[in-house]
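Residue numbers (my numbering), protein chains in the order written: chain A, 1 to 296; chain B, 297 to 592. One structure below.
Number of protein chains: 2
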Amino acid sequence: MQNGNSTKYDNRPIGVFDSGVGGLTVVKQLMKRLPSEQIVYFGDTARIPYGTKSEEIVRRFSLEDSYFLLDKSVKMIVVACNTASAIALQMLKQILAIPLTGVIQPGAAAAYRNSRNKKIGVIGTAATIRSNSYSREIRLLDQEIRVVPQPCPLFVPMVEEGWLEDEATYLVARRYLQPLLENQVDTLILGCTHYPLLKNVIGKIMGPEVTLVDSGVETAWTVENVLREQQLLADPEQVPEHRFYLSDMPYKFQEIAERFLERSVPHVQTVNFEEFLVEKGSMFWKKYQEDLLKIY
Amino acid sequence: MQNGNSTKYDNRPIGVFDSGVGGLTVVKQLMKRLPSEQIVYFGDTARIPYGTKSEEIVRRFSLEDSYFLLDKSVKMIVVACNTASAIALQMLKQILAIPLTGVIQPGAAAAYRNSRNKKIGVIGTAATIRSNSYSREIRLLDQEIRVVPQPCPLFVPMVEEGWLEDEATYLVARRYLQPLLENQVDTLILGCTHYPLLKNVIGKIMGPEVTLVDSGVETAWTVENVLREQQLLADPEQVPEHRFYLSDMPYKFQEIAERFLERSVPHVQTVNFEEFLVEKGSMFWKKYQEDLLKIY
Numbered sequence: 001m002q003n004g005n006s007t008k009y010d011n012r013p014i015g016v017f018d019s020g021v022g023g024l025t026v027v028k029q030l031m032k033r034l035p036s037e038q039i040v041y042f043g044d045t046a047r048i049p050y051g052t053k054s055e056e057i058v059r060r061f062s063l064e065d066s067y068f069l070l071d072k073s074v075k076m077i078v079v080a081c082n083t084a085s086a087i088a089l090q091m092l093k094q095i096l097a098i099p100l101t102g103v104i105q106p107g108a109a110a111a112y113r114n115s116r117n118k119k120i121g122v123i124g125t126a127a128t129i130r131s132n133s134y135s136r137e138i139r140l141l142d143q144e145i146r147v148v149p150q151p152c153p154l155f156v157p158m159v160e161e162g163w164l165e166d167e168a169t170y171l172v173a174r175r176y177l178q179p180l181l182e183n184q185v186d187t188l189i190l191g192c193t194h195y196p197l198l199k200n201v202i203g204k205i206m207g208p209e210v211t212l213v214d215s216g217v218e219t220a221w222t223v224e225n226v227l228r229e230q231q232l233l234a235d236p237e238q239v240p241e242h243r244f245y246l247s248d249m250p251y252k253f254q255e256i257a258e259r260f261l262e263r264s265v266p267h268v269q270t271v272n273f274e275e276f277l278v279e280k281g282s283m284f285w286k287k288y289q290e291d292l293l294k295i296y
Numbered sequence: 297m298q299n300g301n302s303t304k305y306d307n308r309p310i311g312v313f314d315s316g317v318g319g320l321t322v323v324k325q326l327m328k329r330l331p332s333e334q335i336v337y338f339g340d341t342a343r344i345p346y347g348t349k350s351e352e353i354v355r356r357f358s359l360e361d362s363y364f365l366l367d368k369s370v371k372m373i374v375v376a377c378n379t380a381s382a383i384a385l386q387m388l389k390q391i392l393a394i395p396l397t398g399v400i401q402p403g404a405a406a407a408y409r410n411s412r413n414k415k416i417g418v419i420g421t422a423a424t425i426r427s428n429s430y431s432r433e434i435r436l437l438d439q440e441i442r443v444v445p446q447p448c449p450l451f452v453p454m455v456e457e458g459w460l461e462d463e464a465t466y467l468v469a470r471r472y473l474q475p476l477l478e479n480q481v482d483t484l485i486l487g488c489t490h491y492p493l494l495k496n497v498i499g500k501i502m503g504p505e506v507t508l509v510d511s512g513v514e515t516a517w518t519v520e521n522v523l524r525e526q527q528l529l530a531d532p533e534q535v536p537e538h539r540f541y542l543s544d545m546p547y548k549f550q551e552i553a554e555r556f557l558e559r560s561v562p563h564v565q566t567v568n569f570e571e572f573l574v575e576k577g578s579m580f581w582k583k584y585q586e587d588l589l590k591i592y
């Protein structure tokens, strides 16, 4: 489509994937920032979590998730999962011919802009923290910044249990956050899509002087910039119809999803992901192996 | 093989699968009870956990895991995962032409034999508890027994974090176990392969009067009986060579595995399970759909 000012619009959807429903916190920000963009979301609820697993598995799953979104004709892919962003984004960028954004770089940039004392804390899953991705991105911006990383493996199950303000949650959080307090960070990156739901607990323990950075908010800005630069923005008049695909329909899905998206999730479809892999297998598997050969 | 007493031996391996490494607690008991039996273990570490997922997914994954073991020419399959036993065993028995044992029935029988006051507690994952399998099995033995079920979703991540005796673990455990104390159960089934590692914490909270039932011990007895009845026991002289397959190699695997098996795990191979599905896909998938049609 072209209008008189020769502005091109691209109404294809933005693809977003996550290991589960946590990525809906990123979707929420995308909807707010880019209300005319259509979103296709894939949550790999059958294989969740990614954050406790190996780099190889996280890369393989992320590539499969991307293939699924490409199959839905998306114009761009947002890796909403911190673990997948930390471990697989580089590889995805090398082999997929489509714009891609993760949540690490936007979160790191926001933390860098905010920090006064140059001490930044990062909390995330075991895999995200082991990858050192946040530290690397922050050091690219300023070598003098001290990054204090802390894995918090129990935060995700506690959020999924719904214990957002419980005594046990405070006890676990105080234990995880103690080294960050001792190191006097003035900025803390919530490096996992589940953690914004623990903002109250984390905020109370860290105190009002410490700024909590939610990568989702920053990522929506980045997505807008990428779409603008590459002339991929949708027609502002478009009324988007979002689609949500999950590899498993979790028990009480709507309840959990609303916790993350702060509204109900319409048009949810469960995908038989093994069947998808098997059906497209000969094609995707061959492509997958060729793709991997290119980079390893 | 036949000897003079026309005793037949069957030296094919026993297949054991679990959603991860927790099933090694069952393997430990099998090795103790049946030292000449060879074991092929499959741990679905790439898709762990099962206990938070839907019945449909647990059934599909369990069938795929079984296909993998059948591909290794096992003579029997032990479903070492409580969630898979609770949800998928019945289906597996209906469609696979091989002896199968889960961990639910043996655990239920042991609890029934032990209880004096006819009040039995069951703790497990959300999916195991929702399935009501333990209650059903216990009621088959004695309709008057009162079963008190309690899901404990945070126990698995706490064990995997290695917090086996921590303040936070006690706090979480006290909260979960309170209703069981109030209901004065005299027997408590540890309905998840991870829970025997929390025996100390659980035992201290429940008190010395409450017997903790570890399904792994009971399952090894059942396996021996099945093999004996069906003349499938291995030659007692056989020196077994166990094989362990995992769909992902978890970080610090040996450390975690030793926690469960109480010895090091040799001959561990990582399996690319998607590739297995895709390669055998046309065959297995067709069979899978035919198999499911038989029962639904």
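Glycine included, C-beta positions come from ideal geometry on N, C-alpha and C.
Please confirm whether B/G300 has its beta-carbon closer than 8 Å to some beta-carbon of chain A.
Start at 1 with the first residue of the second sequence, and residue 300 of chain B comes out as number 4. In this predicted model, B/G300 has a pLDDT of only 49, less than 50, meaning its place in the structure is not dependable enough to derive any value.
Judging by CA-CA distance, which residue of B/E456, B/L437, B/T518, B/T566 is the nearest neighbour of B/L330?
If you number the second sequence from 1, residue 330 of chain B lands on position 34. Selected option, being the one with the closest Cα: B/T518.
Taking a cut of 7 Å between CB atoms, which residues from the stretch 317 to 335 of chain B lie near chain A?
none
Which value, in whole angstroms, describes the spacing of the CA atoms of A/P106 and A/D44?
Mapped onto the first sequence, residue 106 of chain A falls at position 106. Mapped onto the first sequence, residue 44 of chain A falls at position 44. Rounded to the nearest whole angstrom, the C-alpha separation of A/P106 and A/D44 is 23 Å.
In the DSSP assignment, what are the bridge partners of A/L190?
Counting from one through the first sequence, the residue named residue 190 of chain A turns up at place 190. DSSP, once it has assigned bridges, lists A/I123, A/D214 as partnering A/L190.
To the nearest angstrom, how far is it from the Cα of A/A220 to the Cα of A/D214?
For this step, residue 220 of chain A is matched to residue 220 along the first sequence. For this step, residue 214 of chain A is matched to residue 214 along the first sequence. Going from the Cα of A/A220 to the Cα of A/D214 covers about 11 Å.
So, are the CB atoms of B/Y547 and A/S54 less than 8 Å apart?
Indexing the second sequence from 1 puts residue 547 of chain B at position 251. Indexing the first sequence from 1 puts residue 54 of chain A at position 54. The answer is yes: Cβ separation under 8 Å.
Mind pulling the chain B residues with CB within less than 9 Å of A/S264?
In the first sequence, residue 264 of chain A corresponds to position 264, counting from 1. Correct list: empty, because the minimum Cβ distance to chain B is about 19 Å.
If you measure beta-carbon to beta-carbon, which residues of the stretch 436 to 463 of chain B are closer than 9 Å to chain A?
P449, L450, V452, P453, M454, E456, E457, W459, D462, E463
Residues of chain A with a CB under 7 Å from the CB of B/I353: which are they?
Sequence index remark: in the second sequence, residue 353 of chain B carries index 57 (1-based). Simply A46, D248.
Can you give the Cα-Cα distance for B/N299 and B/Y305, rounded to whole angstroms?
Here residue 299 of chain B refers to the residue found at position 3 of the second sequence. Here residue 305 of chain B refers to the residue found at position 9 of the second sequence. Note on B/N299: pLDDT 47, under 50, position unreliable in the model; no value is reported.
Just list the residues that DSSP pairs B/G311 with in beta bridges.
Here residue 311 of chain B refers to the residue found at position 15 of the second sequence. Answer is B/V336, B/I373.
List the residues of chain B whose Cβ lies closer than 8 Å to the Cβ of A/A84, in chain order.
Against the first sequence, residue 84 of chain A aligns to sequence position 84. Under the 8 Å cutoff, chain B gives no residues; its nearest Cβ is about 14 Å from A/A84.
Taking only beta carbons into account, state which residues of the stretch 409 to 434 of chain B come closer than 9 Å to chain A, listed in chain order.
The stretch 409 to 434 of chain B vs chain A, Cβ under 9 Å: A422, A423, R426.
Give the secondary structure of A/T45 by DSSP, where H, G and I count as helix, E and B as strand, and everything else as coil.
On the first sequence, position 45 is the one that residue 45 of chain A refers to. Of the three classes helix, strand and coil, the one that applies to A/T45 here is coil, per DSSP.
Pairing CB atoms from the stretch 116 to 132 of chain A with CB atoms from the stretch 77 to 96 of chain A, are three or more of them under 8 Å?
The count of Cβ pairs closer than 8 Å, one atom from the stretch 116 to 132 of chain A and one from the stretch 77 to 96 of chain A, reaches three, so the stretches are in contact.
Of all Cβ atoms in chain A, is any one closer than 8 Å to the Cβ of B/K349?
As a position in the second sequence, residue 349 of chain B is number 53, starting the count at 1. The Cβ of B/K349 sits closer than 8 Å to at least one Cβ of chain A.
Measure from the C-beta of B/R471 to each C-beta in chain A and report whether the shortest distance is under 8 Å.
The count along the second sequence starts at 1 and reaches residue 471 of chain B at position 175. Judged by the 8 Å Cβ criterion, B/R471 is in contact with chain A.
In chain B, which residues lie with their C-beta within 7 Å of the C-beta of A/L171?
By one-based count along the first sequence, residue 171 of chain A stands at place 171. Ordered by position in chain B, the residues that pass the 7 Å Cβ test against A/L171 are E463, A464, L467.
Taking 8 Å as the CB-CB limit, is B/E551 close to chain A?
Walking along the second sequence from the start, residue 551 of chain B turns up at place 255. Not a single C-beta of chain A is nearer than 8 Å to the C-beta of B/E551.
Please say whether B/A405 and B/Y346 have beta carbons closer to each other than 8 Å?
The count along the second sequence starts at 1 and reaches residue 346 of chain B at position 50. The count along the second sequence starts at 1 and reaches residue 405 of chain B at position 109. Contact: no.
Whole angstroms is fine: what's the gap from A/Y176's alpha carbon to A/L69's?
On the first sequence, position 176 is the one that residue 176 of chain A refers to. On the first sequence, position 69 is the one that residue 69 of chain A refers to. For A/Y176 and A/L69, the gap between their C-alpha atoms comes out near 36 Å.
Which same chain residues, not among the five before or five after B/F556, have their C-beta less than 6 Å away from its C-beta?
Against the second sequence, residue 556 of chain B aligns to sequence position 260. The answer, listed in chain order, is V317, L320, T321.
Under 8 Å, do A/T211 and A/T125 count as touching if we go by C-beta distance?
Counting from one through the first sequence, the residue named residue 211 of chain A turns up at place 211. Counting from one through the first sequence, the residue named residue 125 of chain A turns up at place 125. Not in contact: A/T211 and A/T125 (Cβ atoms no closer than 8 Å).
Rounded to whole angstroms, what's the CA-CA distance from B/K368 to A/P157? Just pull it up for me.
Your numbering for residue 368 of chain B matches position 72 in the second sequence. Your numbering for residue 157 of chain A matches position 157 in the first sequence. Their Cα atoms are separated by approximately 35 Å.
By Cβ distance below 8 Å, which residues in the same chain neighbour A/E370 in space, the five residues on each side in sequence not counted?
Chain A is shown from 1 up to 296; residue 370 of chain A falls before or after that span and cannot be answered.
I'd like the list of long-range same chain contacts for B/R470, defined as Cβ closer than 7 Å, with 5 residues on each side in sequence excluded.
As a position in the second sequence, residue 470 of chain B is number 174, starting the count at 1. In chain order, I501 place their CB closer than 7 Å to the CB of B/R470, counting only its own chain and leaving out the 5 sequence neighbours on each side.
Decide if A/I120 is buried, meaning its Cβ has at least 16 other Cβ atoms within 10 Å, or exposed.
Translated into the one-based positions of the first sequence, residue 120 of chain A becomes position 120. With 16 or more other Cβ atoms within 10 Å, it is buried.
In the DSSP output, which residue or residues are listed as bridge partners for A/R146?
Residue 146 of chain A sits at position 146 when you count from the first residue of the first sequence. Answer is A/K119, bridged to A/R146.
Just grab the DSSP bridge partners of B/V564 for me.
Position 268 of the second sequence, counting from 1, holds the residue named residue 564 of chain B. Its beta-bridge partners are B/F540.
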